[in-house]
Each structure stands twice: as structure tokens, then as C-alpha cells.
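In the numbering used here, the protein residues as written are 1 to 245. Glycine included, C-beta positions come from ideal geometry on N, C-alpha and C.
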Amino acid sequence: METSKKAVITLEGITKTYVNGKLTVPVLHGIDLSIYEGEFTSIMGPSGSGKSTFMNILGCLDRPTSGSYRLDGEEVAHLGDDELAYVRNKRIGFVFQSFNLLPKLTALDNVALPMVYAGVSKAERKARASQLLTDLGLGTRLEHMPAELSGGQRQRVAIARALANDPAIIMADEPTGNLDSKASLDVMHIFTELYQEGRTIILVTHEPDIAEYAGRNVVLKDGLIVEDRINPHMKGLQVGGESHV
């Protein structure tokens, strides 16, 4: 795939093999892929295709067995644990299917937590977390615990948390998997708006209708990319770039 935009992620020959005693399980078999600045990419594939392993490597949650992974030109495939933690905290925002909110923290404190690790002052953490939640329609839910929120509201808290340190890249792993159709539309509307703001969005999904929100669809099968196509009819976009659902 050729483009004039800058590649923010470049993968070359990425493999991943899990070893459990004498059992060796190869999952990824040599992935070559570039993801470009401001791109909205979906990663699709059937169960067992390797997409979750692939997403963990993209998000620096796991290391490849071999190959090169460059993030903004910097090799990250073999960084140490502290260096990878910095990348995850400052450069990539994560959204998960199961929300991964801390149950004993309020919505506000869940969103503020990544800023604690980034060394942001308490006053700034609170102000930014409050603004992010308000922007996502949760201004009246700041002090609610996760158990007091609907699934869609919890996912919006998770998106706000992903945005806490203003990362250029948002990675979402099945973000609508635990949501009903209305909440799924709301969440995909948010991702569309983040894309329109210029963020790079990478979304893993098994749902074709969710993948249609992305401008590029990458399909994995048996640990290999078998399809990489441009989607000229992104759902959620109108002529002129306005979003709708």
C-alpha cells in the first residue's frame, strides 16, 4: 500500500511463537505491514487467526519472537520493560472489550490514573479527566463507580482514559463486543470523530459492520495477512467530512 503520509508503525517479518514445555505453537508467521499517520485501520480475522496476538504486539503489550517493529521510526520490538511501559503510557491509548476499569475508583479517578504515572499534577489530572468525560457526555457521572454505569457509559469512560495523555495512536480491541447496538453506534461515532481530529485508530473486530467504519481493512488468517484493502465508503462519514450515525 502506497501513500504520501508518514508511516507511524512499520512491521517487517514479525513472528510470534509460544513455547510451553515441549509444545511449540507458532501464531504469527512473518507479518509485513505499515500503518500511516491519521489512518483508521480495522484488523479482522476468524477465531484463531492471530489477531489478538497481533494487537498485543502492536500495542507493546507483548514482544515478537522475531522481526522489526518501528514506531515513529524507533525500533521497539526489543525494548526493556520500563521503556515499553513508557510507550504504552504516553504514545498509545488502549480501549478493551471488557473496559478494564478499576471497580473501586470513580469514573473521574479511572480516567486520571494514566496521568498519575505520567507525572501530571493532581489539579491538572482532575481538570483534564473531568473535561474528557464531559466531552463524551458523562459530565454528570464523574463520581459514579463503574458498577453504577451502563456498558456504553463504561466504554466511554475507557475511551476517555485512553485519551488521558493525548496519544497520537488509539488501539481498540473489540470495543463494541460487550455492547448493544445503540451503545455500539455511539462508541463508533466517537472513534469516527477521533479519526477526523487526526488520530491514528487501529481497531480489532470480528464484526464486518464495525469494520466498515474504518478506511482500511486488514484481514488475518492463520497468522498471515491475506487481505489489505481500502474502504472508500466509511460508515459514519458524509461528504465534507461530517460524522453521523
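State the start and end residues of the unbroken beta strand (DSSP E) segment that holds residue 206. Counting along the chain, residue 206 falls outside any beta strand (DSSP E), and DSSP gives it neither H nor E.
Determine the burial state of residue 223: buried for a count of at least 16 other Cβ atoms within 10 Å of its Cβ, exposed for fewer. The residue is buried, with at least 16 neighbouring Cβ atoms inside 10 Å.
Assuming residue 164 and residue 170 form a contact by the criterion Cβ under 8 angstroms, report the distance between their Cβ atoms to the nearest whole angstrom. Actually they do not touch by this definition, with Cβ atoms about 12 angstroms apart.
Boundaries of the alpha helix (DSSP H) in which residue 12 is found, first to last residue: In this chain, residue 12 is not harboured by any alpha helix (DSSP H); it is covered by the beta strand (DSSP E) spanning 7 to 20.
Can you name, in chain order, every residue of its own chain whose Cβ lies under 6 angstroms from the Cβ of residue 229, other than the five neighbours on each side? Shown here for residue 229: same chain residues with a beta carbon closer than 6 angstroms to its own, the five before and five after excluded, namely 217 in chain order.
Looking at the structure shown, is residue 76 part of a helix, part of a strand, or coil, going by DSSP? DSSP places residue 76 in the coil class of the three-state scheme, outside both helix and strand.
Can you tell me whether residue 29 is helix, strand or coil according to DSSP? Note: residue 29 maps to strand in three-state DSSP.
Among the residues of its own chain, which have a CB less than 8 angstroms from the CB of residue 130, if the five just before and after it don't count? Annotation for residue 130: 108, 139, 142 place their beta carbon closer than 8 angstroms to its own, counting only its chain and skipping 5 residues before and after.
Using 7 angstroms as the limit for Cβ to Cβ distance, is residue 162 near chain D? In the structure shown, chain D does not exist; there is a single protein chain.
Beta-ladder partner(s) of residue 229, from DSSP: Answer by DSSP bridge pairing, in chain order: 217.
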